[in-house]
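Working notes, beginning with the structure itself.
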Amino acid sequence: MNPSAGSSQPDITYLNHETTVSSWLLTRDHKRIGVMFLVLVILALLLGGVFAMVLRIELLTPGPTIISAMTYNRMFTLHGVTMVWLFMIPAIPSAFGNFVLPIMLGAKDVAFPRLNLASVYIYVAGAGLTLFGMLWSGADTGWTFYTPYSTTSPTAVAPILLGVFVIGFSTIITGLNFITTVHTLRAPGMHWSRIPLFVWALYGTSIIQVVATPVLGMVLLLVCFERVFGVGLFDPARGGDPVLFQHMFWFYSHPAVYIMVLPAMGVITEVVCAFSRKNIFGYKMIAASTFGIAFVGFFSWGHHMFVSGQSTFGSGVFGVLSMLVAIFTAIKIFNWVATMYGGSIDLKVPLLYVLGFIFLLMFGGMTGVAVATTSLDVHWHDTYFIVAHFHYIMVGAVLMAFLAALHYWWPKMFGRVYPERWSFLAASTIIFGFIVTFLPQFLLGNLGMPRRYYQYPAELQWLNVLSTAGASLLAFGFSLIAVYLLWSLRYGEASAANPWGSKGYEWHSGSPPAPHNFTEAPRFEREVHDYTVPEAPRAY
Amino acid sequence: MPTETSPWEEHFGSRENQSKAAQLGMWLFLGSEVLLFTNLFVGYGVYRYYYPEVFVEASKHLAAGWATVQTLLLVTSSLFVALAVHYIRQGRQFLTALVLLVAMGMGVGFLGIKGWEYWKHWTEGALPGEYYRLEDLPVQGGSLFFTLYFLLTGLHAVHMLVALGLLGWLVWGAVSGKYTAEYHIPVEVGGLYWHLVDVFWLFIYPLLYLVE
Chain G
1 MNPSAGSSQP
11 DITYLNHETT
21 VSSWLLTRDH
31 KRIGVMFLVL
41 VILALLLGGV
51 FAMVLRIELL
61 TPGPTIISAM
71 TYNRMFTLHG
81 VTMVWLFMIP
91 AIPSAFGNFV
101 LPIMLGAKDV
111 AFPRLNLASV
121 YIYVAGAGLT
131 LFGMLWSGAD
141 TGWTFYTPYS
151 TTSPTAVAPI
161 LLGVFVIGFS
171 TIITGLNFIT
181 TVHTLRAPGM
191 HWSRIPLFVW
201 ALYGTSIIQV
211 VATPVLGMVL
221 LLVCFERVFG
231 VGLFDPARGG
241 DPVLFQHMFW
251 FYSHPAVYIM
261 VLPAMGVITE
271 VVCAFSRKNI
281 FGYKMIAAST
291 FGIAFVGFFS
301 WGHHMFVSGQ
311 STFGSGVFGV
321 LSMLVAIFTA
331 IKIFNWVATM
341 YGGSIDLKVP
351 LLYVLGFIFL
361 LMFGGMTGVA
371 VATTSLDVHW
381 HDTYFIVAHF
391 HYIMVGAVLM
401 AFLAALHYWW
411 PKMFGRVYPE
421 RWSFLAASTI
431 IFGFIVTFLP
441 QFLLGNLGMP
451 RRYYQYPAEL
461 QWLNVLSTAG
471 ASLLAFGFSL
481 IAVYLLWSLR
491 YGEASAANPW
501 GSKGYEWHSG
511 SPPAPHNFTE
521 APRFEREVHD
531 YTVPEAPRAY
Chain R
1001 MPTETSPWEE
1011 HFGSRENQSK
1021 AAQLGMWLFL
1031 GSEVLLFTNL
1041 FVGYGVYRYY
1051 YPEVFVEASK
1061 HLAAGWATVQ
1071 TLLLVTSSLF
1081 VALAVHYIRQ
1091 GRQFLTALVL
1101 LVAMGMGVGF
1111 LGIKGWEYWK
1121 HWTEGALPGE
1131 YYRLEDLPVQ
1141 GGSLFFTLYF
1151 LLTGLHAVHM
1161 LVALGLLGWL
1171 VWGAVSGKYT
1181 AEYHIPVEVG
1191 GLYWHLVDVF
1201 WLFIYPLLYL
1211 VE
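From first to last, the protein sequence lines stand for chains G and R.
The first sequence begins at 1 in our numbering and counts up one residue at a time.
The second sequence begins at 1001 in our numbering and counts up one residue at a time.
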């Protein structure tokens, strides 16, 4: 069934060569660090998902349902903080990036393995601080921490801000490590034009991480100082300007959307090639559009501020620049579709997620162009239309790619095959559930329902009920995945070295790989995903 | 089929490559450090545009003469750090440690002057935000100037402390013979960090002390 399956597997793998607890906690192996991050971000996803379910249940009825208004405010804040900083930003780069990037380049490890381990503990420390704030009294500011409310809110904003500040350093270290690894640790034959597109996506992401994250860190620290010492930088009473906070916040937080979505696009590119049995259509254009998005992403933060008193000219410029992102994204979408066209398509679960990804990205992207027009945005600003838009493009895309990566690399990481039929059911449930959850929210927003409101008029109830029903489907789908993946870890069929017959470079090592990835020095002799070159099964 | 040894057995393959990786990593880190200060510089630009006269008046409360001494100390210390890199490339470990110690002494002198200046502001009431007690300047603008002053110089001082720790570690390494003419990457990248901290001061000094 699989042409290059069945090649020799290493007996000693990164999973079984040492099994003590300290061999995990003190490891410098990028693969173990990737696995640790995977566990951590999945826990974050679970936590954020629980918060989301509470929100959706509360919104089942127009009046109070299960929680008070104040708890509701805390819930949407904690949902946003958890999902954005604890899950989506590190999800793909820190978990899957750490695992496969060095293998794809034919390297033994990332450039700075000790720093890589430190990034895990910095993440844990930051997440711990954030959780401490959540348990202490939570925060009710929304994940955007807008001043002056965030400097005066009676809730525990300070530990949450500090937690996010600390997590930022974990992100910076990961980015720094990836860039240096790509520059210095490529195996023989790995020319710049052969670098897998997932690595290119991570490289573009890393640049944003290194450049933008410190700006966010500093602005959150300033809000913290403002709360604790009353420094007054964003306080109009002392001559400060609250809008300055918005500029500084979005200077990071807009590019942060691309920190989330670029690695997702990288995953999609790998999966499309593997399951269409074709090399990517337009390698250079996909790599270039990654950098186009990363670049333009730095100059479009003002589209979050069309109603903040920004000049009309400024808004117009930011609007046009934001629309450019759609062009670069469209280049990628056309190339993925062109790759599938005429390919020998094998509709396995990872590819199903790719189809979900393309649909959500297109829908979210086109509504993105709509909200980038200043006149329409004034109508939709701060309504559920925006909520639906960014959930489609940012959450939908990241989740689809995360799940695609999880299934595509599951055999690579753990040497087990997941049950295909159950996963097909889960994938269909999740894609359908996602659409049912957020499509009604577009309509709600267009009808004028503001985001972050506790109550709403009774005639909007049916759409809210629909949305909650979709969320329940999502919860069911995720539970299903959790059950069958945990089951497969123990009882799943052992995987072949290359169960998909993929020509991605990462499959040159065993599944699971040997402790130092390869048992002999790898050499790259063909383009990545070149299915025209017949190749005997091999694993170094 | 493991092979005995190959250049790939070493994590970096070669010393040159390791040096290249360490330098690239440090440059990227320095880039992110620059962005860390950017918010404060942007904030300075915005509020100086809002309150030009107050900023000029507030600047007169600072000891510009002593800041010039500080600047000279830091620039000279950078020269000594550059000498340290020069000497360790020739394998002269004792001389390396010596010039690094001189640079550290200058850094400590810088922080001493800074501390004295802070103490003066404390007694005068030229403090950030709600602790601001200066009466000859309007609160709007005046408190912002001193907020930015303390944030910029404070963040710089924290970086100075880290850089001093780094140089101390390098001195210890040089004395114990860890660094040689062949292996001296830590001295090079540690030196880079020291230079960056100096460069920050070269921007902070005119912006805060030389306002006309």
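Glycine included, each C-beta is placed from N, C-alpha and C at the ideal position.
Note that the structure is predicted; figures quoted are calculated from it, not measured.
Residues within the region 1121–1140 of chain R neighbouring chain G, beta-carbon criterion of under 9 Å: 1128, 1129, 1130, 1131, 1132, 1138, 1139, 1140
For residue 494(G), which beta-bridge partners are listed by DSSP? 416(G)
Hey, how far is the Cα of residue 486(G) from the Cα of residue 90(G)? 22 Å
Give a yes or no on whether the C-beta atoms belonging to residue 184(G) and residue 1020(R) are separated by under 8 Å. yes
Euclidean distance between Cα positions of residue 494(G) and residue 409(G): 14 Å
Count the other CB atoms, across all protein chains shown, that sit within 10 Å of the CB of residue 1169(R); report buried if there are 16 or more and exposed otherwise. exposed
When the Cα atoms are used, what is the spatial distance from residue 1207(R) to residue 1116(R)? Roughly 20 Å separates the two Cα atoms.
Which chain R residues sit within Cβ distance under 9 Å of residue 201(G)? Here the premise fails: no neighbours, minimum Cβ distance about 18 Å.
So if I threshold CB-CB distances at 7 Å, which residues from the region 159–180 of chain G count as touching chain R? 172, 176, 179, 180
I'd like to know whether the C-beta of residue 1011(R) is nearer than 8 Å to at least one C-beta of chain G. yes
Does the CB of residue 214(G) have a neighbour CB from chain R at under 8 Å? yes
Does the region 236–247 of chain G touch the region 1149–1158 of chain R, meaning 3 or more C-beta pairs lie closer than 8 Å? no
Indicate whether at least one CB of chain G lies closer than 8 Å to the CB of residue 1153(R). The Cβ of residue 1153(R) sits no closer than 8 Å to any Cβ of chain G.
With burial defined as no fewer than 16 other Cβ atoms inside 10 Å of the residue's Cβ, what is the status of residue 226(G): buried or exposed? Classification of residue 226(G): buried, given that the 10 Å Cβ count is 16 or more.
Mind reading off the beta-carbon distance from residue 262(G) to residue 296(G)? Whole number of angstroms is fine, and I expect it under 8 Å. Their Cβ separation, rounded to whole angstroms, is 12 Å, which puts residue 262(G) and residue 296(G) out of contact at 8 Å.
What residue from 525(G), 534(G), 520(G), 514(G) has the CA that sits closest to residue 18(G)'s CA? 514(G)
Under the three-state DSSP convention, the category residue 335(G) falls into: helix
State yes or no: is the beta carbon of residue 241(G) nearer than 8 Å to at least one beta carbon in chain R? For residue 241(G), the answer is yes, since a Cβ of chain R falls inside 8 Å of its Cβ.
Could you name the residues of the same chain whose beta carbon sits closer than 7 Å to that of residue 57(G), not counting the 5 residues immediately before and after it, in chain order? 65, 66, 468
Would residue 440(G) and residue 499(G) be called neighbours here (beta carbons separated by less than 8 Å)? no
Any chain G beta carbon closer than 8 Å to residue 1029(R): yes
Taking Cβ-Cβ distances shorter than 8 Å, what residues in chain G pair up with residue 1114(R)? In chain G, no part has a C-beta under 8 Å from the C-beta of residue 1114(R); the shortest such distance is about 19 Å.
Between 170(G), 12(G), 28(G), 246(G), which has its C-alpha nearest residue 210(G)'s C-alpha? 170(G)
Straight-line Cα distance separating residue 1188(R) from residue 1082(R): 9 Å
Check whether chain R comes within 8 Å of residue 105(G), counting only Cβ atoms and requiring the distance to be less than that. no
Quick check on the burial criterion: 16 or more other C-beta atoms within 10 angstroms. Buried or exposed for residue 473(G)? Residue 473(G) comes out buried.
Kindly indicate if chain R contains any beta-carbon less than 8 Å away from that of residue 13(G). no
Rounded straight-line distance, which links the Cα of residue 188(G) to that of residue 1005(R): Annotation note: pLDDT 36 at residue 1005(R) (below 50); position unreliable, coordinate value reported separately. About 16 Å.
Kindly say whether residue 1017(R), judged by its beta-carbon, lies nearer than 8 Å to any beta-carbon of chain G. yes
Can you look up residue 383(G) in the DSSP assignment and give me helix, strand or coil? strand
When the distance is taken between beta carbons, is residue 160(G) closer than 8 Å to residue 181(G)? no
Within 8 Å of any Cβ in chain G, is that where the Cβ of residue 1161(R) sits? no
Put residue 541(G) into one of helix, strand or coil per three-state DSSP. Only positions 1 to 540 of chain G appear in this structure, which leaves residue 541(G) out of reach.
Cα separation between residue 1063(R) and residue 1205(R)? 11 Å
Just to make sure I have the definition right: I need the residues of chain G whose C-beta is within less than 9 Å of the C-beta of residue 1051(R). Which are they? 239
Could you tell me which chain G residues have their CB closer than 7 Å to the CB of residue 1025(R), listed as they occur along the chain? 111, 112, 176, 180
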